[in-house]
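Trainee:
2 protein chains.
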Amino acid sequence: MNLKPIFKPKSACVFGVSLKNPSFPGSIIYFKNRYEYHVNIMAINPKGGEIEGQQVYKSLEDLPEIPEIGILAIRAKNVPETFEKCANAGMKGAIIISGGFAEVGPAGKKLQDKLVSISKDHDMPFLGPNCIGVYSPPYIDTFILPSERISIPKSGGNIAMISQSGGILVDQFMQKFALRNIPISSAVSIGNKAIVDEITLLDYYSKDDQTKTILMYLESLQNGRKFLTEIERHRKYGKNLMVYKAGVTPAGARAALSHTAAITTSSDLVHFGLKQYGVIQPSSEFELISFSKVLNFDLPPIFQGNVVVLSVSGGHGVVCADACTKYGFNLVDLSSKKGQLREIINPSSKDIAALGNPIDLTGSVTDYDVEQVLEFLLKQNEVEAVILLLLPYPPQISMQIGRRISIIVRNYDKPCIVYLPWLERYQIIIDGLELNGIPVAHTIEEGVQMLKGLWQKSINIKIDEHYRKKK
Amino acid sequence: MNLKPIFKPKSACVFGVSLKNPSFPGSIIYFKNRYEYHVNIMAINPKGGEIEGQQVYKSLEDLPEIPEIGILAIRAKNVPETFEKCANAGMKGAIIISGGFAEVGPAGKKLQDKLVSISKDHDMPFLGPNCIGVYSPPYIDTFILPSERISIPKSGGNIAMISQSGGILVDQFMQKFALRNIPISSAVSIGNKAIVDEITLLDYYSKDDQTKTILMYLESLQNGRKFLTEIERHRKYGKNLMVYKAGVTPAGARAALSHTAAITTSSDLVHFGLKQYGVIQPSSEFELISFSKVLNFDLPPIFQGNVVVLSVSGGHGVVCADACTKYGFNLVDLSSKKGQLREIINPSSKDIAALGNPIDLTGSVTDYDVEQVLEFLLKQNEVEAVILLLLPYPPQISMQIGRRISIIVRNYDKPCIVYLPWLERYQIIIDGLELNGIPVAHTIEEGVQMLKGLWQKSINIKIDEHYRKKK
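Each protein sequence line maps, in turn, to chains A and B.
This note's numbering puts the first sequence at residues 1 to 471.
This note's numbering puts the second sequence at residues 1001 to 1471.
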């Protein structure tokens, strides 16, 4: 199945552009792409005419050229006929935005079956129905929401998103990735996934050079066993695969059924199957963001879970120690290093600093203390990673601290994660860190979750070794 | 113990103002209060002289008047002598910022014991040592962090904060309360809590008219049984009491010991004791914010946990249904109401809307649909509360939707919680809701946590009934 025309079409036509209402899904898609994306887009409405100075064609036959793909945002009952016309005209793919198919009951299911059979007859893939299509800059964006209403993360990243819900994709993923400064490559909404499903897209993105991490929001797995087999088969491409499964409670599963006609496979079965193949499974929307963020940085994995918590606030150390324990980390015993540590700390915090693990440099900390202690810690063999809880409130912490820390961390092949209040006034520190390869967490727990993401990375390495030995 | 002089002093003097370094803790406190707060503040340094045009006094004896309280930000070893001078001069209280007491070991503990005995001899309360004091607008703010570096929530609220860690207070509470628009009344850091501890403050805030909710961050309870007895005794004041306990894992407990010399009482014992007396115990920093936010609104409690999820995105409905189940809520069965619901929905979403629970009005939703369906739900006897997942991305949702919803909710004595992406571009909707008494959650899970906060409220009512019957 060739999905390139759907992700990178040279030309497309939209069925369902309104002559009067610019808020119509088809109209939004048409104008958004006309002015913001590379695709050559054409509008179709049986009445023909003009909207905002642009020509509207009466039918497929009137178009100046046969476009690569068709975008259908018309009533469900009219979809099969139009889709068949597209197929007969030789188009390479379609995106079916319309709802009113399998998710509404037997009559809708019948309509959807028609689409499937047309698609198979013509070997023409389509996305949906009941979806919002693709966001694939700079080529095309069929999300039916006005650009000015949604938040879009930076493009050019290495994370691809696949979602069974358009709303979740736009609001929980793209919006939050934008807020947390995580760039993505592209995003796709699969809706009822009648033809193009998570397996098709796993294959597409596994072979895509730009993609390093594939992130999936799924409400169902039509065929859990096949999905697992395909995941095993695709391990050789070396992508990080992350699956966030919703509909895991009875109430959630019922909701999924009426949302995307999703019949959910047993959660436990899926969970353990995915785990066995190294698939990362966030347990909450927060973990999803944390894992995505840390995987976006090219950091070394954690193998044993031996970490140090370096703080400038004792309370943050306590809360972080609790969180490290909850996530299974071991706080390295530094009691034999107290003397050495005390020597490198400035006189006014020397006597009040707590030099266990967590280390608390207190509010009397200076930039230099942070640098010295951090470097000391990174040098210790038994320390695999450092989580630095850096409150920039103490007056002797400068706005250069981000860049200064990154210069040190660069010399050691160990991950350092920094928690910092995510405020605009501290953007200079955040950028000083992130532009230099150090991820910044915006809660203490997120920092620990990021460490967990790096720990998860080593599990994949171990699975690979296991496979190599078996051969 | 009279704490009024510490919270609302007319005058104060600061020991430890530097003549050269404006970043010194004493200097920061002096200048902050000199220009930003009502207290008449005076600077003391044995050398005397001037800083930035302000007179510095050589000693207590040189001051033009005896201030109500003394603020000590000098080396630990000099603290007892200075504190005793303050007591002898007739001051009413002190705030001891300095660290280097019980938290550093036996020598420090001895110094701290001296302070306790002076305090008892003179019946003069003090905060700390090893703390950042009070934030009590418009009277005084002894937080040793420059105002321009920290985020302060709106004042005039009804939540009082008590924290064993200054860093947690400033960064996890005040900063996040500011971000999430939760006003507070005052905040206090108790540090080693040698004299003024959680029990003293429970008493102070229980009798304070402005305070409706008392929020505590504790790393330890010196006397768990006494704390519980005092909580029982103070129930009659009708305040919400929330305790967030850190140091609950072995690693966390060790960190707490070196942070505030905190010896933690058994977590299970404390947990069940607190629960019995209706104390709200957030299980994470996220729950703490959610509970605080919802308690700040004067909403009716939830008794049975029967809720409806109203969404404009199917995926949000699924995720929220999972979260509702996780938190123990029951999604009311609306299957007999489908016909009635379908009648009140606009023609373009009528056929694609999912009318179970969750209800999904889809992206074709209009303001009017939300109003109609919400009102219908609030009218149903079996529905105790509605959580509305309102994505403002669909083009037919107007920027007036917040105010429009609030006009409906006002007529029913039932809570409605709204999830909305917390973005500046949607501030007009957020304010439309929050200024009219409807709390806005910034994650789906936060919305469900807010419902849990209201459920918790009913537990206190039940405990009160239980006590009345016993009498």
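C-beta: ideal position from N, C-alpha, C; glycine also.
Tell me the start and end of each unbroken beta strand (DSSP E) in the region 59-111 of chain A that is at least 3 residues and wholly inside, in chain order.
Mentor: Entirely contained in the region 59-111 of chain A, the beta strand (DSSP E) runs reaching 3 residues are, in chain order, 69-72, 93-96.
Trainee: From what residue to what residue does the alpha helix (DSSP H) around lysine 1245 of chain B run?
Mentor: Within the second sequence, numbered from 1, the residue matching residue 1245 of chain B stands at position 245. Counting along the chain, lysine 1245 of chain B falls outside any alpha helix (DSSP H), though it belongs to the beta strand (DSSP E) covering 1240-1245.
Trainee: For serine 1292 of chain B, report the span of its beta strand (DSSP E) as first-last.
Mentor: One-based indexing of the second sequence puts residue 1292 of chain B at position 292. Not the beta strand (DSSP E): serine 1292 of chain B falls in the alpha helix (DSSP H), residues 1285-1296.
Trainee: Name, in chain order, the residues that DSSP records as bridge partners for glutamate 52 of chain A.
Mentor: Against the first sequence, residue 52 of chain A aligns to sequence position 52. DSSP output for glutamate 52 of chain A lists no bridge partner at all.
Trainee: Residue range of the beta strand (DSSP E) that asparagine 1040 of chain B falls in?
Mentor: As a working mapping, residue 1040 of chain B is identified with position 40 in the second sequence. 1040-1044 is the extent of the beta strand (DSSP E) around asparagine 1040 of chain B.
Trainee: Roughly how many whole angstroms lie between the Cα atoms of lysine 1004 of chain B and isoleucine 1069 of chain B?
Mentor: If you number the second sequence from 1, residue 1004 of chain B lands on position 4. If you number the second sequence from 1, residue 1069 of chain B lands on position 69. Looking at the two C-alpha atoms, the distance is approximately 10 Å.
Trainee: Alpha carbons only, please: which of A/Ser186, A/Ile438, A/Met216 is nearest the one belonging to isoleucine 199 of chain A?
Mentor: Counting from 1 along the first sequence, the entry for residue 199 of chain A is found at position 199. Here the closest residue by C-alpha is A/Met216.
Trainee: Please go through the same chain and pick out, in chain order, the residues whose beta-carbon is closer than 8 Å to the beta-carbon of lysine 58 of chain A, but skip the five residues on each side of it.
Mentor: Reading the first sequence from its first residue, position 58 is the one you call residue 58 of chain A. Excluding sequence neighbours, lysine 58 of chain A sits near Ile44, Asn45, Pro46, Lys47, Gly48.
Trainee: Using only the alpha-carbon positions, how far apart do glycine 133 of chain A and serine 163 of chain A sit?
Mentor: Here residue 133 of chain A corresponds to residue number 133 of the first sequence, with the count starting at 1. Here residue 163 of chain A corresponds to residue number 163 of the first sequence, with the count starting at 1. Roughly 10 Å between the two C-alpha positions.
Trainee: Have a look at tyrosine 277 of chain A and glycine 191 of chain A and give me their C-alpha separation to the nearest angstrom.
Mentor: As a first step, residue 277 of chain A must be located in the first sequence, where it is residue number 277. As a first step, residue 191 of chain A must be located in the first sequence, where it is residue number 191. About 25 Å.
Trainee: Just to make sure I have the definition right: I need the residues of chain B whose C-beta is within less than 9 Å of the C-beta of alanine 246 of chain A. Which are they?
Mentor: In the first sequence, the residue the question calls residue 246 of chain A occupies position 246. Simply Gly1315, Val1318, Val1319, Ala1321, Asp1322.
Trainee: Excluding the 5 residues preceding and the 5 following glutamine 112 of chain A in the sequence, name in chain order all residues of the same chain whose CB lies nearer than 6 Å to its CB.
Mentor: Position 112 of the first sequence, counted from the start, is the residue given in the question as residue 112 of chain A. If we look at glutamine 112 of chain A and ignore the five residues flanking it on each side, its Cβ neighbours are Phe101, Ala102, Ala194.
Trainee: For tyrosine 426 of chain A, I'd like the list of residues in its chain whose CB is within less than 7 Å of its CB, leaving aside the five on either flank, ordered along the chain.
Mentor: Here residue 426 of chain A refers to the residue found at position 426 when the first sequence is read from its first residue. The answer, listed in chain order, is Pro392, Leu420.
Trainee: Using a Cβ-Cβ cut-off of less than 8 Å, list which residues of the region 337-352 of chain A approach chain B; keep chain order.
Mentor: Listed in sequence order: Asp351, Ile352.
Trainee: Our contact map puts leucine 1345 of chain B next to serine 1311 of chain B with C-beta atoms below 8 Å; I'd like the distance itself, whole angstroms only.
Mentor: As a position in the second sequence, residue 1345 of chain B is number 345, starting the count at 1. As a position in the second sequence, residue 1311 of chain B is number 311, starting the count at 1. Correcting the residue type first, residue 1345 of chain B is isoleucine in the shown sequence and not leucine. With a Cβ gap of about 13 Å, isoleucine 1345 of chain B and serine 1311 of chain B do not count as contacting.
Trainee: Taking the alpha carbon of methionine 985 of chain B as the reference point, which residue from B/Pro1009, B/Ser1023, B/His1466, B/Asp1413 has its own alpha carbon closest?
Mentor: With chain B represented from 1001 up to 1471, any question about residue 985 of chain B goes unanswered, as that position is not in the structure.
Trainee: Measure the C-alpha to C-alpha separation of proline 300 of chain A and alanine 323 of chain A and round it to an integer number of angstroms.
Mentor: Along the first sequence, read from residue 1 onward, the residue named residue 300 of chain A stands at position 300. Along the first sequence, read from residue 1 onward, the residue named residue 323 of chain A stands at position 323. Roughly 21 Å separates the two Cα atoms.
Trainee: Over what stretch of residues does the alpha helix (DSSP H) that includes threonine 1325 of chain B continue unbroken?
Mentor: Position 325 of the second sequence holds residue 1325 of chain B. 1314-1326 is the span of the alpha helix (DSSP H), which, as asked, contains threonine 1325 of chain B.
Trainee: Could you work out which residues of chain A lie near isoleucine 1150 of chain B, taking near to mean beta carbons separated by less than 8 Å?
Mentor: Sequence index remark: in the second sequence, residue 1150 of chain B carries index 150 (1-based). Simply Tyr393.
Trainee: Just reading off the alpha helix (DSSP H) that alanine 178 of chain A is part of, what are its end residues?
Mentor: Indexing the first sequence from 1 puts residue 178 of chain A at position 178. Run containing alanine 178 of chain A: 175-179, per the alpha helix (DSSP H) assignment.
Trainee: Could you compute how far the alpha carbon of alanine 1441 of chain B sits from the alpha carbon of isoleucine 144 of chain A?
Mentor: Stepping through the second sequence from its first residue, residue 1441 of chain B is reached at position 441. Stepping through the first sequence from its first residue, residue 144 of chain A is reached at position 144. Spanning the two alpha carbons is a distance of roughly 25 Å.
Trainee: Below 8 Å on C-beta distance, what does proline 1421 of chain B contact in chain A?
Mentor: Counting from 1 along the second sequence, the entry for residue 1421 of chain B is found at position 421. What proline 1421 of chain B touches in chain A: Ser151, Asp171, Gln175.
Trainee: In terms of residues, what are the limits of the alpha helix (DSSP H) holding leucine 1388 of chain B?
Mentor: The count along the second sequence starts at 1 and reaches residue 1388 of chain B at position 388. First-last for leucine 1388 of chain B: 1385-1389, but that is the beta strand (DSSP E), not the alpha helix (DSSP H).
Trainee: Going by DSSP, what residues sit across from aspartate 360 of chain A in a beta bridge?
Mentor: Taking the first residue of the first sequence as position 1, residue 360 of chain A is located at position 360. A/Ser311, A/Ala354, per the DSSP bridge assignment.
Trainee: Helix, strand or coil, according to DSSP, for phenylalanine 231 of chain A in the structure here?
Mentor: The residue you call residue 231 of chain A lines up with position 231 of the first sequence. A small correction: the amino acid at residue 231 of chain A is isoleucine; phenylalanine does not occupy that position in the sequence shown. Helix.
Trainee: Count the other CB atoms, across all protein chains shown, that sit within 10 Å of the CB of asparagine 1411 of chain B; report buried if there are 16 or more and exposed otherwise.
Mentor: Within the second sequence, numbered from 1, the residue matching residue 1411 of chain B stands at position 411. So asparagine 1411 of chain B counts as exposed.
Trainee: Straight-line CA distance for valine 196 of chain A to proline 106 of chain A?
Mentor: Start at 1 with the first residue of the first sequence, and residue 196 of chain A comes out as number 196. Start at 1 with the first residue of the first sequence, and residue 106 of chain A comes out as number 106. Valine 196 of chain A and proline 106 of chain A: Cα-Cα distance of roughly 21 Å.
Trainee: To the nearest angstrom, report how far apart serine 119 of chain A and isoleucine 97 of chain A are at their CA atoms.
Mentor: Position 119 of the first sequence, counted from the start, is the residue given in the question as residue 119 of chain A. Position 97 of the first sequence, counted from the start, is the residue given in the question as residue 97 of chain A. Cα-Cα distance, rounded: 16 Å.
Trainee: Do leucine 1060 of chain B and alanine 1094 of chain B count as a contact pair if the criterion is CB distance below 8 Å?
Mentor: Counting from one through the second sequence, the residue named residue 1094 of chain B turns up at place 94. Counting from one through the second sequence, the residue named residue 1060 of chain B turns up at place 60. Cβ atoms of alanine 1094 of chain B and leucine 1060 of chain B: not closer than 8 Å.
Trainee: Give me the DSSP bridge partner(s) of threonine 1213 of chain B.
Mentor: To locate residue 1213 of chain B, count along the second sequence from 1; it is residue 213. DSSP lists B/Ile1159, B/Asn1240 as partners of threonine 1213 of chain B.
Trainee: Please compile the residues from chain B whose C-beta is within a distance smaller than 8 Å of the C-beta of lysine 326 of chain A.
Mentor: Stepping through the first sequence from its first residue, residue 326 of chain A is reached at position 326. Those are Thr1249, listed as they occur along chain B.
Trainee: How many angstroms separate the CA atom of lysine 1275 of chain B from the CA atom of glutamate 1465 of chain B?
Mentor: What you label residue 1275 of chain B is simply residue 275 of the second sequence in a count that begins at 1. What you label residue 1465 of chain B is simply residue 465 of the second sequence in a count that begins at 1. Those two C-alpha atoms are separated by around 16 Å.
Trainee: Do leucine 1390 of chain B and valine 1373 of chain B have their C-beta atoms closer together than 8 Å?
Mentor: In the second sequence, residue 1390 of chain B corresponds to position 390, counting from 1. In the second sequence, residue 1373 of chain B corresponds to position 373, counting from 1. Contact flag unset, no.
Trainee: Identify the continuous alpha helix (DSSP H) that holds isoleucine 1132 of chain B and give its terminal residues.
Mentor: Within the second sequence, the letter at position 132 stands for residue 1132 of chain B. Careful: isoleucine 1132 of chain B lies outside any alpha helix (DSSP H) and carries neither H nor E.
Trainee: With C-beta atoms as the reference, is leucine 1228 of chain B less than 8 Å away from isoleucine 1214 of chain B?
Mentor: Taking the second sequence and counting its residues from 1, one reaches residue 1228 of chain B at position 228. Taking the second sequence and counting its residues from 1, one reaches residue 1214 of chain B at position 214. No.
Trainee: Taking the beta strand (DSSP E) that tyrosine 419 of chain A falls in, what are its first and last residues?
Mentor: Working through the first sequence from its first residue, we reach residue 419 of chain A at position 419. Here the beta strand (DSSP E) through tyrosine 419 of chain A covers 416-419.
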